[in-house]
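Novice: Below is one structure. I have some questions about it.
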Amino acid sequence: MDLVTPGVGLIFWQTVTFLIVLGLLAAFVWKPIMEALRAREGFIEDSLSAAENAKKDIEKLKNDNEYLMQEARLERDKMLKEAAELANKIKEDAKDETSKITAKMIEDAKAVIQAEKSSALNEVKGLVADLSLDVAEKVLRKKLEEKKAQEDLVEEFIKDIKVN
Amino acid sequence: MTSKSSFFKALNIKTLAFVFLFLIGSVASASDSKEGEKFNPGSLIIHHVLDDYTWHFFDGHYGTLYLPVILYTDNGLKVFSSSRFFDEHYNSVSYDGFKLEHGHIIALDGGHPLDFSITKNVASLFLSAFLLLSIFITIANRYKKNPNKAPRGIQSFFEPIIIFIRDEIALPNIGEKSYRRFLPFLLTIFFFIWFNNLLGLIPGGANLTGNIAVTLVLAVIVLLVTLFSTKKYYWKHIFATPGVPLPVMIILIPIELVGILTKPFSLMMRLFANITAGHIVILSLFSLIFIFESFAIAGVSVAFAIFMNFLELFVALLQAYVFTLLSAMYFGAAVEEAHH
């Protein structure tokens, strides 16, 4: 029966010791451990979600970069196209301009040639006139060397005047 | 890690070796001291399972630790060493009007002194309290010193257990709302029972958790904690279980009221019986050797005792777990709120 008869002494010491141990452990051990565990779990949780967020950020950045690259590529293509067009236009314009200038130059040259030609013709005409006058003078001079010829001519002039 | 685990393996083998040396030694000494008498395994086993006023390690002059006797008598407190009860030939003698008879101190004048002696169990209890406090205060300091760091050493051994008690015992059985309140108690009771179960398995150790007084106190504390944390629903469940007709209620209410007491009673008996039974089985196996007085039987006994020792190591943990789990369930019932 001793086996199932609780002793007063052991009940007393067990109660006192257990309560003291409980109190000390609760105050100085379980409380800080639980707080530390909670803090660490929170820390790990935060770190994991931070890592997850960082991963997402990187993904986003990568996508942004891709987008920017795409944009830049499009921009470049557009610029190249515009440049090509501009160059073409400049070339066309230059061509037009050149042909205009050429035409004008031809026109001018023609005008100058015309002018030169007419002035040369005039000169030739003057020269011919002078020559004709000289020839005529010489002819006349030769014709009117005789007295009689001179008097016939005067006669003729007078006749003409009388008629008038 | 490998070197560490092999170290623990070596430690276990050493521990077991000690178990057998000590157990065989103490059984042998018991049979020696009763030279000429017939070997009585029953009294030997009961003597080893019960409390004692001395702590006997081995035979010889220094082999026994005489623990202090504290008596509260009508004439006040009396404190003296238990060695006063023995003469130089280890015969029982009376001292100051008291005598040690069949493991109890009796007053020769017929009085009934209250016995508050530091017995073997009480000494073992103090030892376990010292161990618990020193180990766990060391661990707590590690947490304070290295917050947000991975646990190291002894800290990493106990942390999974602490987390297991929190997440697998307290949280599911008590509930999110109030499990934190009971956690210190559950952790303390788990480690207290486990440590003392293991200390009891060490050869020469006291059978503390296999003592009914110890389990009684633990069960009563669980009962008191339960009763002081009850809410309306707990009592409503007992006195006015919903959906039960009145005539049935008359039978049911006394049953429910008794149930309040049978729960801690089962806690008390379960722990006491499991631990004591383990000790009795191991001692019985060793007693076989001395009953048959044969080396052949010794081999068989030792083989069985090794098996039992491993089983007891498991039971030590299992019973601590069961006690804690059931306590958590009782607390959970106490703080439960109506959800029907």
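Heads up: the protein sequence lines correspond to chains F and D, in order. Taking our numbering, the leading residue of the first sequence gets 80, the next gets one more, and so forth. Taking our numbering, the leading residue of the second sequence gets 583, the next gets one more, and so forth. C-beta atoms are modelled at their ideal positions from N, C-alpha and C, and glycine is treated no differently.
I'd like the list of long-range same chain contacts for F821/D, defined as Cβ closer than 7 Å, with 5 residues on each side in sequence excluded.
Specialist: Excluding positions up to five away in sequence, the list reads I835.
Novice: Output the boundary residues of the alpha helix (DSSP H) element that contains G102/F.
Specialist: First-last of the alpha helix (DSSP H) with G102/F: 87 to 104.
Novice: Taking the straight line between their C-alpha atoms, what separation do you get for F767/D and L101/F?
Specialist: If you take the alpha carbons of F767/D and L101/F, they lie about 7 Å apart.
Novice: Which same chain residues end up closer than 6 Å to V904/D when comparing Cβ atoms and leaving out the 5 residues on each side of it in sequence?
Specialist: Answer for V904/D: no residue qualifies.
Novice: Check the Cβ-Cβ distances between F874/D and every residue of chain F, and say whether any is below 7 Å.
Specialist: Closer than 7 Å: no.
Novice: How about A910/D: is its C-beta nearer than 7 Å to some C-beta of chain F?
Specialist: No, A910/D does not count as interfacial toward chain F.
Novice: Can you check whether the CB of L653/D is closer than 7 Å to the CB of P695/D?
Specialist: Cβ atoms of P695/D and L653/D: closer than 7 Å.
Novice: Is the stretch 648 to 665 of chain D touching the stretch 685 to 704 of chain D, taking contact as three or more C-beta pairs under 8 Å?
Specialist: With the cut-off at 8 Å, the stretch 648 to 665 of chain D and the stretch 685 to 704 of chain D touch.
Novice: So, helix, strand or coil for P650/D, using DSSP?
Specialist: Here P650/D sits in strand by DSSP.
Novice: By how many angstroms is the C-alpha of V233/F removed from the C-alpha of M184/F?
Specialist: Taking the straight line from one Cα to the other gives about 60 Å.
Novice: By DSSP, does V661/D sit in helix, in strand, or in coil?
Specialist: V661/D: strand per DSSP, three-state reduction.
Novice: I need the straight-line Cα distance from G88/F to D125/F, nearest angstrom please.
Specialist: Near 52 Å, if we compare the C-alpha coordinates of D125/F and G88/F.
Novice: Quick one: grab the DSSP three-state call for I700/D.
Specialist: Coil at I700/D, not helix or strand.
Novice: Quick one: what's L682/D bridged to in DSSP?
Specialist: Answer is I687/D, bridged to L682/D.
Novice: Smallest Cα separation from R244/F: which of L849/D, Y912/D, P729/D?
Specialist: Since the first residue of chain F shown is 80 and the last is 243, residue 244/F is not available in this structure.
Novice: Can you name the start and end residues of the beta strand (DSSP E) that T636/D belongs to?
Specialist: Note, T636/D: beta strand (DSSP E), 636 to 638.
Novice: Any heavy atom of the ligand GDP within a distance shorter than 6 Å of the CB on L212/F?
Specialist: No copy of the ligand GDP occurs in the structure displayed, which carries no ligand at all.
Novice: Got a sec? Which residues, its chain only, sit under 7 Å from S561/D by beta carbon, not counting five neighbours each side?
Specialist: This structure gives no information on residue 561/D, because the portion of chain D shown stretches from 583 to 922.
Novice: Since D633/D meets chain F, which of its residues come closer than 7 Å, beta carbon to beta carbon?
Specialist: Correct list: G86, L89.
Novice: Starting from the beta carbon of I745/D, find every residue of chain F whose beta carbon is closer than 8 Å, and list them in chain order.
Specialist: Simply L116.
Novice: Is the CB of P650/D under 7 Å away from at least one CB in chain F?
Specialist: False, the Cβ-Cβ gap to chain F never drops below 7 Å.
Novice: Could you tell me whether any Cβ in chain F is nearer than 7 Å to the Cβ of A711/D?
Specialist: Interface residue, yes.
Novice: In chain D, what lies closer than 7 Å to Q149/F by C-beta?
Specialist: Within 7 Å Cβ-Cβ: nothing; Q149/F doesn't reach chain D, min ~43 Å.
Novice: By how many angstroms is the C-alpha of G205/F removed from the C-alpha of E235/F?
Specialist: Distance between the alpha carbons of E235/F and G205/F: 30 Å.
Novice: In angstroms, rounded to a whole number, what distance separates the CA positions of F872/D and F621/D?
Specialist: Cα-Cα distance, rounded: 7 Å.
Novice: For T655/D, name the three-state secondary structure that DSSP assigns.
Specialist: Three-state DSSP puts T655/D in a strand.
Novice: Along chain F, which residues have their Cβ under 8 Å away from the Cβ of F767/D?
Specialist: Within 8 Å Cβ-Cβ: L101, A105.
Novice: Tell me whether Y677/D sits in a helix, a strand or coil according to DSSP, three-state version.
Specialist: If DSSP states are grouped into helix, strand and coil, Y677/D belongs with the strands.
Novice: Using three-state DSSP, classify F668/D as helix, strand or coil.
Specialist: Three-state DSSP puts F668/D in a strand.
Novice: Within the 7 Å Cβ cut-off, does R119/F reach chain D?
Specialist: Taking Cβ atoms only, chain D reaches closer than 7 Å to R119/F, which makes this a yes.
Novice: Count the C-beta pairs between the stretch 874 to 887 of chain D and the stretch 798 to 818 of chain D that are closer than 8 Å, then say yes if the count reaches three, no if not.
Specialist: Segments in contact, no.
Novice: With DSSP run on the structure shown, which of helix, strand or coil describes G624/D?
Specialist: If DSSP states are grouped into helix, strand and coil, G624/D belongs with the helices.
Novice: By how many angstroms is the C-alpha of R724/D removed from the C-alpha of L104/F?
Specialist: About 15 Å.
Novice: Any contact between the stretch 738 to 752 of chain D and the stretch 763 to 780 of chain D? By contact I mean 3 or more CB pairs, one from each, below 8 Å.
Specialist: The stretch 738 to 752 of chain D is in contact with the stretch 763 to 780 of chain D.
Novice: Could you name each continuous alpha helix (DSSP H) segment of 4 residues or more that falls completely within the stretch 821 to 863 of chain D, going from the start of the chain to the end?
Specialist: The stretch 821 to 863 of chain D contains no whole alpha helix (DSSP H) run of 4 or more residues.
Novice: If the cut is a Cβ gap below 7 Å, which residues of chain F does N793/D touch?
Specialist: Ordered by position in chain F, the residues that pass the 7 Å Cβ test against N793/D are L89.
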